[in-house]
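Protein sequences, first through last, are from chains A and B. Taking this note's numbering, the leading residue of the first sequence gets 5, the next gets one more, and so forth. Taking this note's numbering, the leading residue of the second sequence gets 10, the next gets one more, and so forth. Where a beta carbon is used, it is the ideal one built from N, C-alpha and C, also for glycine. Please read all numbers here as calculations on a predicted model, not as lab measurements.
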Amino acid sequence: MAKPRGTDGSLLTSLPWTLAALAFALAPHVQFLPMWITGAFIICAAWRYVIEQRRRPLPSTWFRALLALTCFVGVLATYSSVSGVGPGSALLAIMAALKLLETRKRRDQFVLLFISIFLVMSSLLREQYLWSLPYLVLAVLLIMTAWLRMSATEQESASRSFRTGGRLVLYALPLALAMWVFFPRIATPFWAVPIDTSSGTSGLSDTMSPGDISSLSLSDAVAFRVAFDATIPQPKDRYWRGLVLHRFNGRTWTGNEPMADRSARDNVAVIGDPVAYTITLEPTRQQWVFALDIPYTWSLPRTSMGRQYQLARVQPIDQRVAYDAVSYIQYRAGVELADMYHEWYLRLPEGSNPQTAELAQQMYAAAGSRAAYIESVLQKFHQEEYFYTLEPPALGRDPVDEFLFGTRQGFCEHYASAFTVMMRSAGIPARIVLGYQGGEMNPVGEYLIVRQSDAHAWTEVWIEGVGWYRVDPTAAVAPERIDAGMSAAMFDGAAAAWGLSAPSEFLHNLGLSWDAINAKWNDLVLGYGPENQNKLMEWLGMEDPDWRKMMLTLIGIVIGMVILISLLLTLRYRAPRSDRAAILYRTFVRKSGVLQTIGETPVAFAAKAHSGSMLDDDAIDAITTAYLAARYGIPDPQSLQQLELHVNQLP
Amino acid sequence: MSSILWPFPKGRNSPGIAAAANRRVQRWAKKRQGTDPTITRLQPGRVYILPTGVGLIYALMSFAMLLGSMNYNNNLSFVLTFMLAGLGFVAMHQCQRNLVGLEMSFAGVEPVFAGQSAQFRVAVSNHSKSARHGVMLYSDESVSDVHDLPPGESKVFTLAIATDNRGWIQLERFGIRTFFPFELFRSWAWLHMDLRGLVYPEVADDAPQPPPTQSAHGHRQHDARGEEDFAGLRRFHDGDSPRHVAWKAFARSGQLLSKQFAGADTSSQWFDFDAVPADDVELRLSILTRWIIDTDRSRADYGLRLPGQEFSPAHGEAQRRQCLEALAMYGLDGAHG
C-alpha cells in the first residue's frame, strides 16, 4: 500500500474514531470553554481529516510552533492562572487540537486518546450529574474502540471493533464495580484542591445590600436538601440560619464572624423536643454551614459554632456534603449580654438615615416599652402601604430613609435592614441573620428542598431577660411568604402581575420526581464517602471495617473476578477438546495419496482428492463433511462417530 | 516495531546488560521448552506476557487518576479510574488468550542465493471458535505481516531472513506475538523448530564468458551459442549478451528479444570447477552459479564437474537444483538434513 509522505498510511481506519472519541470527551466542556478554543479544535479536527483523506502533507513545523505559541498565550490571556479544572481542560483541548496537526503515526494517536481520558476525568471533576455515569461509560467505550481501531488490521471492520470494545468493557464493569465499592475512601484530601473561581455558584454572600437577596429569588437552584428523622417543623418554624451580620455602614451589612466560640452553645438553654435531620448541602465555595434555627449538635467535621450561633467549616464547601444535625426550635439564647457586645449591636453610622432615626425615637417614646415598640414597628409595616416585591426600585445614599419614606417597595433584605436600624435607633440591640426560610416538601422522596429562591434575611433583637429573639419583619408585610413558602408567594399570588405564570402542576410534580431521583443519586453514589462505606461494610458483615480489611477484600474479589474472566476467555478461545477428529482426518489424507498443502481447507482438499485420489468420491465427501462437523460444528459425538466409521472403512 | 511498544532492546544487535538478560531468558526458554516439532500447538505455559511501554504509561496514568479521585473524593472519577484499571486486567488476559491454542506448522522455505533473504513460511491455524487478532511472527531481525485469524482458518506468515553465506541458513528460534487488544501488553511465544533453508552461492555480477561449447562433432566453437544459424527469437533474460538483442524487433514492438542460434542445441557444455578463471573458491562457485542460471535460461544442456562430484549434461529444473545444491554445499561438511 502506498503511504503518503510522513504518515503510516493507515490512519483513515482509525482517525475518525479518534476524532469521535475526542469530540465526545470535549463535549461537556464546551459550555465552559471560550468560543475560540472550541473553534480551534473543530478547525484542526476537520483540517486533519481532510489532510488524511486527500493525502496532503501536514502543516510545516514552524507553522505548528507558531500556532502552539499563539494558543498558549491565548489560554494564559483568557485565564488568569493555569491550575484548576477550567484552564486545565482548556489546555487539554488546545493540546488535542495541536497534536492532531502533527499526528503522523498510529503511536501519536495514543497521546490523543490519553488526552480524551483526561478530558473525561476533568469534566467529572467539574460536575457530576445523573447522566454523567452513562456518559462516562459511553466515553470509555468510544475511546477503547478508537484504541482498537488504531491497531486493527485492514480486514477488521469498524463494527466488529466496536463489538470487541463493548465486550471488553462489559468484562471490566464488574471489576470496576467491586473496586469502587471496596476501595477505601479517605476523608481528607492529599493536597489543597484549587478553588475554581471561573464558574461561581449563586448563593448567599457574606454582605447584604439592598437588592442582594431579591437577585437570588428567581434561582431554582437547590441550596440544600433536608431529610427529617421524625418530626417535620411547621413552615413558619423553618428558619435555616447561615450568617449573622452586625456591622452597618448605612447601606450594607457586614461583619459575619465565623470564628469558633466554644462558649457560644453554653448560653443557649433549650426547651421542648429536638428536631433531628440530615442536610445535604450543595457546594457554595463558602465556609458557612446551614442548620435549622439554633443547632445543638452537628456531624460535619472541622465545623464549629461562632459566637452568634452560626456554623462554619474550616475549608470552604466546594463539594456536596451531607451531615446530621439536631436543633431546637424553642430556646433562650444569650440571656446575658456583655456590655461590650451590647454596645456593638447598637452601633449605627453617624448621620446616616436621619429620618429613620427620628421616627424610631418618636415611636419608641410613644410605645413606652420595648415589646410595645417592636409591635408598633411591625404594625407600621403591616398596616401602612408597604409592598413585598421582587423588583424593588434602586435606592440612593440613605437607602433606609428612602425605602421607609419614599419607595416603600422592598424584598426581605429591605425590611430586615430597616427594622434593625429602627431597633438600634431606639436602643434595642439587634442584628441581621442571613439564611433560608421555608422550603418545599418533596412528597416523592419525603424530604425538603430548599432552593436559592428561599434565601431570606431576618432580624434578631436582644431583650433583657429573654435574650436573642427572632423577629421577621417580612412576615408582617407578606405573611404568605413565611407560611406557604417562596414559590407560593411569588407564583400563585402577586407574581402573576410580573408576567410569571405558575408552572403546571404536572410539570412541577415531574420536576419533584426528578429531584428525588437526583437526591438518591447524590446520597448513594456521589456521597459514597468514608461514613457510607463503613455502613455498607458493616451491613455486608465486616466487623470494624478499616482500610486494611477493605483493601484485602478488594484484592480478594479482584483476583477472584480476574480468574473468572480468565476462565471465560479460556472457554471462548478453547480449541476443540479432543483431536481425535484431526487424527482420523490425517489418516484419511495419508490414505488418499494426495498431498495436502499447508493452509488448504478440507473442502479444497476434497476437490483435489476427487480428481487425484483412488478413493471413492462419496467416501471423500462423507469424511470431509463429518470432519468439518466434528471439528468446527456444534459439539456432537455423533459426527465424530460418523468420521471414525468412514475412515475405518477406507481400504 | 516502534520502541514504545517494546521497551526492551531485542536481539543480537543490542549491547549491554539488557541484551545479556534477553539471551539468558531465551536460553532458559529453550531449555524449558526443548526443540519443538514442526507442528506445534501453543500451550498456555509457554505464552509469556509483559506490559508494553504504552501499558506502563497507561498504568501510571490510572494511578495518577486514582490519586486525583481520592483527593477530590469524586466518586464518578473513581468509576472512570476503576473502569480503566479493570480494562487493563481484562486486556492482559485477552492478550495471552489471543495466542494460546494456535497451531503453528512449518510450511517450507525456498532456496535463495546468498545476499537475498530466505523466506521462511509458517502456517498458523486457529482451531478455536473465536477470532484471533493482530498476530505476527518475528525473529531477531525481522517481523512478518500482521494478520487476523478468523475461527477455523489458517494463514501463512513469511519471515524474511537475510543471508550472507552459501550453505544452510538456520532459524533456530522465532516468535509469535500479539499486542491485541490495546497494545498495553505484549504476549509472545518462542518456538525452536530448528528450521533451515538452503542458500546457493552468491551470483557473480560480472562473470567471465563461460567456456566454449563442445559441439557434437567435437570441435570447439567460438561461442556457446553458435551464431551461424539463426533459430528464432525469445524473450530477453538477464545475462543474455546485448549483442544478441534483436534491436530491430525492439524498435518495432518495444519488447526486448534475444536472438537464438541453432548451434546451441547440438552442443553440451561442461562447467569445470578447476577450469574457472579465478583463484578464490567462493568466487569460482559464484561464477559457476552465474553460468548455470544463465545456461538454464537458454534451455541448453550443461554438466558440472566439481572435485569429487560430476553431474552429466542435462537441462531442466532438476538439473538446476542438483547443481546449485552441490555448489551451495561444496566443501561444507554439513550433510543434508
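7 Å Cβ cutoff, residue i in contact with chain B
i, result
"residue 132 of chain A", "yes"
"residue 610 of chain A", "no"
"residue 140 of chain A", "yes"
"residue 125 of chain A", "yes"
"residue 441 of chain A", "no"
"residue 159 of chain A", "yes"
"residue 589 of chain A", "no"
"residue 34 of chain A", "no"
"residue 532 of chain A", "yes"
"residue 203 of chain A", "Residue placement at residue 203 of chain A cannot be trusted, given a pLDDT of 46 that sits under 50; the coordinates are not used to answer."
"residue 166 of chain A", "no"
"residue 84 of chain A", "no"
"residue 151 of chain A", "yes"
"residue 561 of chain A", "no"
"residue 184 of chain A", "yes"
"residue 614 of chain A", "no"
First through last residue of the beta strand (DSSP E) which encompasses residue i
i, result
"residue 112 of chain B", "112–118"
"residue 353 of chain A", "Taken as a continuous stretch (DSSP letters only), residue 353 of chain A belongs to no beta strand (DSSP E), as it is neither H nor E."
"residue 315 of chain A", "315–317"
"residue 452 of chain A", "451–455"
Nearest-angstrom beta carbon gap, residue j and residue i [assumed within contact, 8 Å]
i, j, result
"residue 112 of chain B", "residue 55 of chain B", "So it is not a contact: roughly 13 Å between Cβ atoms."
"residue 628 of chain A", "residue 608 of chain A", "That belief does not hold up - the Cβ atoms of residue 628 of chain A and residue 608 of chain A are roughly 10 Å apart, past 8 Å."
"residue 301 of chain B", "residue 311 of chain B", "7 Å"
"residue 439 of chain A", "residue 228 of chain A", "With 8 Å as the limit, residue 439 of chain A and residue 228 of chain A do not qualify as a contact, their Cβ atoms being about 11 Å apart."
"residue 194 of chain B", "residue 104 of chain B", "4 Å"
"residue 441 of chain A", "residue 486 of chain A", "7 Å"
"residue 133 of chain B", "residue 118 of chain B", "With 8 Å as the limit, residue 133 of chain B and residue 118 of chain B do not qualify as a contact, their Cβ atoms being about 16 Å apart."
"residue 300 of chain A", "residue 278 of chain A", "7 Å"
"residue 283 of chain A", "residue 332 of chain A", "Wrong, their Cβ atoms sit about 16 Å apart, outside the cutoff."
"residue 96 of chain A", "residue 119 of chain A", "6 Å"
"residue 295 of chain B", "residue 213 of chain B", "4 Å"
"residue 158 of chain B", "residue 174 of chain B", "Actually they are not in contact, since the Cβ atoms of residue 158 of chain B and residue 174 of chain B sit about 35 Å apart, beyond 8 Å."
Limits of the unbroken alpha helix (DSSP H) element including residue i
i, result
"residue 253 of chain B", "Counting along the chain, residue 253 of chain B falls outside any alpha helix (DSSP H), and DSSP gives it neither H nor E."
"residue 90 of chain B", "84–106"
"residue 169 of chain A", "162–186"
"residue 542 of chain A", "534–543"
"residue 555 of chain A", "551–576"
"residue 77 of chain B", "62–81"
"residue 92 of chain A", "89–105"
Cβ-Cβ distance between residue i and residue j below 7 Å
i, j, result
"residue 657 of chain A", "residue 418 of chain A", "There is no way to answer for residue 657 of chain A, as the model of chain A reaches only from 5 to 655."
"residue 309 of chain A", "residue 257 of chain A", "no"
"residue 287 of chain A", "residue 322 of chain A", "yes"
"residue 394 of chain A", "residue 218 of chain A", "yes"
"residue 268 of chain A", "residue 306 of chain A", "no"
"residue 190 of chain B", "residue 68 of chain B", "no"
"residue 399 of chain A", "residue 422 of chain A", "no"
Test: residue i CB closer than 7 Å to a CB of chain A
i, result
"residue 81 of chain B", "yes"
"residue 190 of chain B", "yes"
"residue 118 of chain B", "no"
"residue 327 of chain B", "no"
"residue 174 of chain B", "no"
"residue 41 of chain B", "no"
"residue 71 of chain B", "no"
"residue 338 of chain B", "no"
"residue 236 of chain B", "Low confidence applies to residue 236 of chain B: its pLDDT is 49, below 50, so where it sits in the model is not reliable, and the reading given next is rough at best. So no, residue 236 of chain B is outside the interface."
request  = Check whether the stretch 177–193 of chain A touches the stretch 431–451 of chain A, counting contact only when three or more Cβ pairs, one atom from each stretch, lie closer than 8 Å.
outcome  = With the cut-off at 8 Å, the stretch 177–193 of chain A and the stretch 431–451 of chain A do not touch.
query = Three or more beta-carbon pairs under 8 Å between the stretch 78–95 of chain B and the stretch 98–117 of chain A, yes or no?
reply = No: the two stretches stay apart, fewer than three of their Cβ pairs being nearer than 8 Å.
query = Would you call the stretch 308–323 of chain A and the stretch 349–367 of chain A in contact, with 3 or more CB pairs under 8 Å?
reply = No: fewer than three Cβ pairs fall under 8 Å.
The stretch 111–131 of chain B touching the stretch 200–212 of chain B, judged by at least three CB pairs closer than 8 Å = Yes, since at least three Cβ pairs between the stretch 111–131 of chain B and the stretch 200–212 of chain B fall closer than 8 Å, the two stretches touch.
At least 3 beta-carbon pairs within less than 8 Å: the stretch 99–107 of chain A vs the stretch 132–152 of chain A = The stretch 99–107 of chain A vs the stretch 132–152 of chain A: no contact.
query = Counting pairs of beta carbons, one from the stretch 28–40 of chain B and one from the stretch 83–93 of chain B, are three or more of them closer than 8 Å?
reply = Counting Cβ pairs under 8 Å, fewer than three are found: no touch.
task = Report yes or no: do three or more beta-carbon pairs, one from the stretch 357–367 of chain A and one from the stretch 173–184 of chain A, lie closer than 8 Å?
result = They do not touch, by the three-pair rule.
task = Would you check if the stretch 119–126 of chain B and the stretch 206–218 of chain B touch, i.e. whether three or more CB-CB distances between them fall below 8 Å?
result = Yes, they touch.
task = Decide if the stretch 146–164 of chain A is in contact with the stretch 550–563 of chain A; the criterion is three or more beta carbon pairs, one per stretch, under 8 Å apart.
result = They do not touch, by the three-pair rule.
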